[in-house]
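Below: one structure, written as structure tokens.
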Amino acid sequence: ARIQFQIGQAYGEGYGLWRNNTEAVKWYKRSAAAGNADAIGEVGRAYLFGLGDLEKNVEVGEKLLNEAVIKGSDSAACTLGHHYQPNLFNKKPDRKKAIEMFRIAAEKDYYKAFAPLASEYVEVSNGAEALRWANGGDEPNLSDKIAHSRWELSRSMADSDGKCSYIKGEVYVFGIGGIENNLIRAKELFEESYRKGNSRGAHALSAMYREGIGVERNSDLAEQWKNNAAKAYDAISRDWHENNIKAFAKKLREALAGHKVSN
Numbered sequence: 342a343r344i345q346f347q348i349g350q351a352y353g354e355g356y357g358l359w360r361n362n363t364e365a366v367k368w369y370k371r372s373a374a375a376g377n378a379d380a381i382g383e384v385g386r387a388y389l390f391g392l393g394d395l396e397k398n399v400e401v402g403e404k405l406l407n408e409a410v411i412k413g414s415d416s417a418a419c420t421l422g423h424h425y426q427p428n429l430f431n432k433k434p435d436r437k438k439a440i441e442m443f444r445i446a447a448e449k450d451y452y453k454a455f456a457p458l459a460s461e462y463v464e465v466s467n468g469a470e471a472l473r474w475a476n477g478g479d480e481p482n483l484s485d486k487i488a489h490s491r492w493e494l495s496r497s498m499a500d501s502d503g504k505c506s507y508i509k510g511e512v513y514v515f516g517i518g519g520i521e522n523n524l525i526r527a528k529e530l531f532e533e534s535y536r537k538g539n540s541r542g543a544h545a546l547s548a549m550y551r552e553g554i555g556v557e558r559n560s561d562l563a564e565q566w567k568n569n570a571a572k573a574y575d576a577i578s579r580d581w582h583e584n585n586i587k588a589f590a591k592k593l594r595e596a597l598a599g600h601k602v603s604n
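For the sequence shown, this note's numbering assigns the number 604 to the last residue and increments by one with no breaks.
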């Protein structure tokens, strides 16, 4: 069953093969029939989006994904978390369920759940939990070298695209959920986020230099960071980057109005 699941992954992700959702679903079904929890989850995800030869059926998809979670699938829990996240395309969002599902996955060290879970805690103004999961959960005791090495690897993989660094920067720059504002630390985290390829870190830095918040006002550096954002995410128009910078600057001014800020 595990090998059948891996063949499904190879087709689904294009690992050494041409990507082929129909073949992927075929192998996931075989593995699911043998009881593989992750495969059951992947069949559920296929129903959610109508992948391969399956017609879209959200009810069936949710049922299979929940079954997979009960059987211990971390990836299925993460998929359900994304499914319940509020967004423009979700007609029935449920942030409470999204957090619940992401947390199930994250507490089992499923690194792909760390950033979305931390992001959801930002949305509900829980800065402490946002920082906790953006850092990869609780740090194991250094005396347990294996557990600590596993934790370091997981948090590194979770932040490979800079999302976790950016989320931590947000917590510190806006002082979310009782966390004290620390603009120097926020700036460092936004720079780290950009170095890992995240354009949102560059948006934040451009806004900070444009407004002179946490740094000296510098229009040249503001424009440079805007250009850096465009390079990191060049598939989007410069107007999109400009609108994101303006929105961040407005939010920054509002968040810091009347707040005591640590520099």
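Glycine is no exception: its CB is placed at the ideal position from the N, C-alpha and C atoms.
Kindly give me the distance between the Cβ atoms of Ala475 and Ala456, rounded to whole angstroms, as I take these residues to be in contact under 8 Å.
Within the sequence shown, residue 475 is the residue found at index 134, counting from 1. Within the sequence shown, residue 456 is the residue found at index 115, counting from 1. So it is a contact: roughly 7 Å between Cβ atoms.
Between Gly391, Asp394 and Ala380, which lies nearest to Ala418 when the distance is taken from Cα to Cα?
Walking along the sequence shown from the start, residue 418 turns up at place 77. Comparing Cα positions, the closest option is Ala380.
Report buried or exposed for Asn585, applying the criterion of at least 16 other Cβ atoms within 10 angstroms of its Cβ.
Against the sequence shown, residue 585 aligns to sequence position 244. Under this definition Asn585 is a buried residue.
Relative to the C-alpha of Ala571, which residue among Lys412, Arg551, Asn539 and Glu461 is closest?
As a first step, residue 571 is located in the sequence shown; it is residue number 230 there, counting from the start. Minimum Cα distance to Ala571 is reached at Asn539.
So which of Lys567, Gly503, Val384 and Ala596 has the shortest CA-CA distance to Ser534?
Here the question's residue 534 lines up with position 193 in the sequence shown. Comparing Cα positions, the closest option is Gly503.
Where do the N-terminal and C-terminal ends of the alpha helix (DSSP H) with Pro481 fall, by residue?
As a first step, residue 481 is located in the sequence shown; it is residue number 140 there, counting from the start. Unbroken run through Pro481: none, as it is neither H nor E.
Going straight from the alpha carbon of Ala378 to that of Ser460, what length do you get?
As a working mapping, residue 378 is identified with position 37 in the sequence shown. As a working mapping, residue 460 is identified with position 119 in the sequence shown. Using only the alpha carbons, I get a separation of about 27 Å.
Give a yes or no on whether the C-beta atoms belonging to Ala409 and Gly382 are separated by under 8 Å.
Stepping through the sequence shown from its first residue, residue 409 is reached at position 68. Stepping through the sequence shown from its first residue, residue 382 is reached at position 41. Cβ atoms of Ala409 and Gly382: closer than 8 Å.
Can the beta-carbon of Thr363 be found closer than 8 Å to that of Gly393?
Along the sequence shown, read from residue 1 onward, the residue named residue 363 stands at position 22. Along the sequence shown, read from residue 1 onward, the residue named residue 393 stands at position 52. Going by C-beta atoms, Thr363 is nearer than 8 Å to Gly393.
For Asn523, three-class secondary structure by DSSP
Here residue 523 is taken as the residue at index 182 of the sequence shown, counted from 1. Here Asn523 sits in strand by DSSP.
Between Glu552, Gly518 and Leu395, which has its C-alpha nearest Ala471's C-alpha?
Residue 471 sits at position 130 when you count from the first residue of the sequence shown. The residue with the shortest Cα to Cα distance from Ala471 is Gly518.
Quick check on Lys572: does DSSP put it in helix, strand or coil?
Residue numbering aside, residue 572 sits at position 231 when the sequence shown is read from its first letter. If DSSP states are grouped into helix, strand and coil, Lys572 belongs with the helices.
Apart from the five residues just before and just after Ser603, which ones in its own chain have a Cβ nearer than 7 Å to its Cβ?
Walking along the sequence shown from the start, residue 603 turns up at place 262. Caution applies to Ser603, whose pLDDT of 42 falls short of 50 and renders its modelled position unreliable; the value that the coordinates give is listed next. Closer than 7 Å at the Cβ level, and outside the excluded window around Ser603, lie Glu521, Asn522 and Asn523.
Please name the residue, chosen from Ala573, Ala598 and Glu493, that lies closest to Gly516 on a Cα-to-Cα basis.
Locating residue 516 in the sequence shown gives position 175, counting from the first residue. Gly516 has its Cα closest to that of Ala598, out of Ala573, Ala598 and Glu493.
Best match in Tyr574, Ser578, Ala573 and Ala543 for proximity to Leu284 [C-alpha to C-alpha]
No statement about residue 284 is possible, as the shown extent of the chain runs from 342 to 604 and does not include it.
Using beta-carbon positions only, say whether Leu494 and Lys509 come within less than 8 Å of one another.
Start at 1 with the first residue of the sequence shown, and residue 494 comes out as number 153. Start at 1 with the first residue of the sequence shown, and residue 509 comes out as number 168. Result no, Cβ atoms of Leu494 and Lys509 do not sit closer than 8 Å.
Report yes if the CB atom of Ala590 is closer than 8 Å to the CB atom of Arg551, and no otherwise.
Along the sequence shown, one-based indexing puts residue 590 at 249. Along the sequence shown, one-based indexing puts residue 551 at 210. In this structure, Arg551 lies closer than 8 Å to Ala590 by Cβ.
CA-CA distance, Val366 and Tyr451?
Here the question's residue 366 lines up with position 25 in the sequence shown. Here the question's residue 451 lines up with position 110 in the sequence shown. Their backbone Cα atoms lie some 23 Å apart in a straight line.
Within this structure, are the beta carbons of Gly422 and Ala446 separated by less than 8 Å?
Locating residue 422 in the sequence shown gives position 81, where the first residue counts as 1. Locating residue 446 in the sequence shown gives position 105, where the first residue counts as 1. Cβ atoms of Gly422 and Ala446: closer than 8 Å.
Give the single residue among Ser578, Trp359 and His582 whose Cα lies nearest to the Cα of Trp566.
Within the sequence shown, residue 566 is the residue found at index 225, counting from 1. Here the closest residue by C-alpha is His582.
Are there 16 or more other CB atoms within 10 angstroms of the CB of Tyr356, so buried, or fewer, so exposed?
Locating residue 356 in the sequence shown gives position 15, where the first residue counts as 1. Exposed: under 16 other Cβ atoms inside 10 Å.
Taking Ala418 as part of the alpha helix (DSSP H), name the residues at either end of that continuous run.
Stepping through the sequence shown from its first residue, residue 418 is reached at position 77. Element bounds for Ala418: Asp415 to Tyr425.
Candidates Lys453, Asn361, Leu358 and Ser372: which alpha carbon is nearest Phe346's?
On the sequence shown, residue 346 is found 5 positions in, with the first residue counted as 1. Of the listed residues, the one whose Cα sits closest to Phe346 is Ser372.
Residue nearest to Arg436 in terms of C-alpha spacing, selected from Arg444, Gln426, Asn407 and Ser547:
To locate residue 436, count along the sequence shown from 1; it is residue 95. Nearest option by C-alpha distance: Gln426.
Do we get a CB-CB distance below 8 Å when we pair Gly349 with the residues of chain C?
Of the protein chains in the structure, only one exists, and it is not chain C.
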